Amino acid sequence: MASNSSSPNPARGQASPALPTDNSPQASPIAERPSSPDLPLTMTASTVLLGLPRDATAALAGVGGFPLEKVIVRFRPVGNAPAIRNQRVKVTSSQKFENVVVHVRKSLKVKETDSVFLYINNTFAPALDEVVGNLWRCFKDANNELNVSYSMTPAFG
71 MASNSSSPNP
81 ARGQASPALP
91 TDNSPQASPI
101 AERPSSPDLP
111 LTMTASTVLL
121 GLPRDATAAL
131 AGVGGFPLEK
141 VIVRFRPVGN
151 APAIRNQRVK
161 VTSSQKFENV
171 VVHVRKSLKV
181 KETDSVFLYI
191 NNTFAPALDE
201 VVGNLWRCFK
211 DANNELNVSY
221 SMTPAFG
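Residue numbers for the sequence shown follow this note's numbering, beginning at 71 and rising by one.
Laid out in structure tokens, this is it:
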């Protein structure tokens with residue numbers, strides 16, 4: 071423990087100075103006003119940005135597009151699912167995943183009442199409205215193929 075020293079310790083034994091009284095005027099509240107709607111600012115209305123930089127223009131030109139018009143989808147059976155004759159097919163990048171499901175169901179010749187479960191990379195089942203090009207861009211393998219596993223019973227997740 072600390073020894074007693076001859077120097078005064080402000081933390082011990084001395085009365086704290088009295089707090090000054092607040093003689094300042096009370097803060098006035100900010101006046102409420104209706105919020106203005108968020109309107110988009112066009113390039114012609116902007117005084118700061120007269121044009122987009124070249125790299126931004128190039129980046130915006132490629133937004134929403136896919137590097138390939140068609141991508142390769144590889145089908146792999148899981149469990150007791152029968153093999154599909156054409157394991158690799160080309161699918162238009164802009165198609166929805168539901169078209170892939172329809173293709174697998176037709177290839178397997180399953181009844182409307184039978185279930186077929188499709189998974190990307192043996193991991194998750196994408197939503198039916200997911201775009202195939204986006205799935206390919208995010209989950210393609212080293213061979214630039216989108217691996218779709220299918221099963222007649224739930225297999226993953």
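Every residue, glycine too, gets a C-beta built ideally from N, C-alpha and C.
No experiment lies behind these values; they were computed from the predicted model shown.
With a Cβ-Cβ cutoff of 9 angstroms, do residue i and residue j count as a contact?
i: residue 171; j: residue 202; result: no
i: residue 167; j: residue 194; result: no
i: residue 211; j: residue 192; result: no
Quick check on the DSSP output: the beta strand (DSSP E) that includes residue i runs from which residue to which?
i: residue 188; result: 187-190
i: residue 183; result: Run containing residue 183: none; DSSP gives neither H nor E here.
i: residue 147; result: 140-147
i: residue 163; result: No beta strand (DSSP E) holds residue 163; DSSP gives it neither H nor E.
i: residue 216; result: 215-221
The alpha helix (DSSP H) spanning residue i covers which residue range?
i: residue 207; result: 202-209
i: residue 174; result: 167-178
In chain order, what residues of the same chain have a beta carbon less than 6 angstroms from the beta carbon of residue i, not counting five sequence neighbours either side?
i: residue 136; result: 163 and 203
i: residue 146; result: 219
i: residue 143; result: 159, 161, 216 and 218
i: residue 177; result: 154
Once the 5 residues before and after residue i are set aside, which same chain residues still bring their CB inside 7 angstroms of it?
i: residue 221; result: 148, 149, 151 and 187
i: residue 180; result: 186
Quiz item: Do the stretch 149-160 and the stretch 189-198 meet, that is, are 3 or more Cβ pairs less than 8 angstroms apart?
Solution: No, the stretch 149-160 is not in contact with the stretch 189-198.
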